[in-house]
Every structure is written in structure tokens, then in C-alpha cells.
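Below you'll find the structure, written out as C-alpha cells, and then a few comments.
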Amino acid sequence: MRRRCDRNRKRSRRRAIYCPEHGCYLDSVSQKYPIYADRPEQLREQGMSKKTATMVLTDHTAVRTPLWIEAFWCGECEEVRWYLVKKTDRRTFELSSVPRGLWERMEGAIDPFGNPSVSEFTRKQAKRLNQKVFRDYNS
Numbered sequence: 135m136r137r138r139c140d141r142n143r144k145r146s147r148r149r150a151i152y153c154p155e156h157g158c159y160l161d162s163v164s165q166k167y168p169i170y171a172d173r174p175e176q177l178r179e180q181g182m183s184k185k186t187a188t189m190v191l192t193d194h195t196a197v198r199t200p201l202w203i204e205a206f207w208c209g210e211c212e213e214v215r216w217y218l219v220k221k222t223d224r225r226t227f228e229l230s231s232v233p234r235g236l237w238e239r240m241e242g243a244i245d246p247f248g249n250p251s252v253s254e255f256t257r258k259q260a261k262r263l264n265q266k267v268f269r270d271y272n273s
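Our numbering puts the sequence shown at residues 135 to 273.
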């Protein structure tokens, strides 16, 4: 007969998300950023019919899709990578690279590629450290 503590295993388990390149377990280093759809074409990409997608968006201005973007740490690569995550079954997930257009449909995240309306010169100048300014703040 099994012990009571072995029978009652209702605790949550770690998500089984593995690196597409190496097959090692990925650790999440960010929150989930859900993706929203506000046009029927975006819902049709998820596999919804044209009629259903149109009817859903007439009732709501935006709909949350079953996809999200999340950052993961890979131990083999030793770097953080952003992936588009889709939950297929109860315990399985599909990972793919994030297309450029999805960053605009996400809520609450900052685009890692930077603001496209900012020039390269302005971006470099903002990163440049001015030692005199830091000395003034430290004194």
C-alpha cells in the first residue's frame, strides 16, 4: 500500500518547455506577455474561420489569443532569448522565434529592438556615458 503523501500529488509541476536547438530545459526569466488580436486576419492566422473571427470582433474591440511571448534562459547557449509560446495540449508547448509584427500587438512589453522611429545616431548618443554628468550627481 502506498503512503498518503505519495497518493496526494496535486501540486503544480514545472512547465515542460525545452530549447528548440539543444533540447535542454528552459528557465523563464520574464512574465508572460499576452498577444491580442484586433482584426479578423489575426484570428484567422490562429486557425479560426472567417465568419467566427468577424463575429467575435464585432462583440469585442480586442481578443486575447492563446499565444504569448516570454523570455527564457538557455543553459547551453548561456543567453536569454525571446520566444513565441503556444500551448498545444495540457502539458506541451510549442516554441518559435518572435516575428517582428507581434511586438506591436503585445501589451506591457518593451520592444527589444528599440523604437523604430528613433534614429541610430540618437540611440548611440543616449547610450553614451558622459562622465562629467555622473560626477556632478555623485558630489
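Beta carbons are placed, not taken as given, at the ideal position from N, Cα and C, and that holds for glycine.
Small disclaimer: the values here were computed from a predicted structure and weren't measured.
- Straight-line measurement puts the Cα of Trp207 at about 32 Å from the Cα of Glu175.
- Three or more beta-carbon pairs drawn from the stretch 150–165 and the stretch 192–205 are found closer than 8 Å, and the two stretches are therefore classed as touching.
- Boundaries of the alpha helix (DSSP H) harbouring Thr186: 184–193, taken from the DSSP string.
- With a threshold of 16 other beta carbon atoms within 10 Å, Ala260 falls short and is exposed.
- With the rule of 3 Cβ pairs closer than 8 Å, the stretch 208–221 does not count as touching the stretch 247–256.
- Secondary structure at Ala205: strand, using DSSP grouped into helix, strand and coil.
- Thr188 is positioned such that its CB atom lies no closer than 8 Å to that of Ile169.
- In the displayed model, Thr226 falls within coil according to three-state DSSP, outside both helix and strand.
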